[in-house]
Amino acid sequence: MSEPAYQYITSQELADLIKSDKKLLEDFAIIDVRDKDFAGGNIVGCLRSPSEKYKRSVDELIEKTKDIPKMIFHCSFSQQRGPKAAKIYAEKWAARGEESKLTKEILVLEGGFSGFQLTFKNDPKLVEKWQNDVWDTNWS
Numbered sequence: 009m010s011e012p013a014y015q016y017i018t019s020q021e022l023a024d025l026i027k028s029d030k031k032l033l034e035d036f037a038i039i040d041v042r043d044k045d046f047a048g049g050n051i052v053g054c055l056r057s058p059s060e061k062y063k064r065s066v067d068e069l070i071e072k073t074k075d076i077p078k079m080i081f082h083c084s085f086s087q088q089r090g091p092k093a094a095k096i097y098a099e100k101w102a103a104r105g106e107e108s109k110l111t112k113e114i115l116v117l118e119g120g121f122s123g124f125q126l127t128f129k130n131d132p133k134l135v136e137k138w139q140n141d142v143w144d145t146n147w148s
């Protein structure tokens, strides 16, 4: 049986990573694949790669993040779009052959941004552009 393309990371683990001495876009990257549901807040420093355009832009994302060892993907709930994006990224990365010798840790944020914002929406080091009216009406 083959190894899964990705593992999961909890909201607390991601919060700890962001607040650690690790550098965003050097040691790790957070990829937000939400589409129109991106409105209402996001994780500070995330790279946006909407799922509706993801297959066309994944090669560009790989090039942009080729030296980053830890990739964290999410969507609203990380049930479909986030895991699918992580899987596509992992497969495309592996297909690069020699160039892909850098060991990449591919992770999916458990519970997505919806779960993350429940705990960390009031922490400006973790969440930016958070809008109460979006989350109170659509996601509670």
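Take 9 as the starting number for the sequence shown in the working numbering and just add one per residue.
Even glycine gets a Cβ: it sits at the ideal position worked out from N, Cα and C.
I'd like the list of long-range same chain contacts for residue i, defined as Cβ closer than 7 Å, with 5 residues on each side in sequence excluded.
i: Ala94; result: Ala13, Tyr14, Phe81, Ile114 and Val116
Between which two residues does the beta strand (DSSP E) carrying residue i extend?
i: Ile39; result: Phe36 to Asp40
i: Ile80; result: Lys78 to His82
i: Tyr14; result: First-last for Tyr14: undefined, no H or E at that position.
Exposed or buried, which one is residue i when buried takes at least 16 other CB atoms within 10 Å?
i: Tyr62; result: buried
i: Thr111; result: exposed
i: Asp141; result: exposed
i: Ser19; result: buried
Within the same chain, show all residues whose beta-carbon is closer than 6 Å to that of residue i, passing over the 5 residues directly before and after it, in chain order.
i: Asp45; result: Ser84
Tell me, to the nearest whole angstrom, how far the beta carbon of residue i is from that of residue j; I am working on the premise that it is less than 8 Å.
i: Asn50; j: Phe128; result: The pair is not a contact, with the Cβ atoms about 12 Å apart (cut-off 8 Å).
i: Ile38; j: Leu134; result: Not confirmed; about 10 Å, so no contact.
i: Val52; j: Glu136; result: 5 Å
In the stretch 19-73, which residue ranges form an unbroken alpha helix (DSSP H) of at least 4 residues, counting only runs that do not cross its ends?
19-27 and 62-72
**Asked** Where in the stretch 99-130 do unbroken runs of the beta strand (DSSP E), each at least 3 residues long, occur, reported from the N-terminal end onward?
**Response** 113-117
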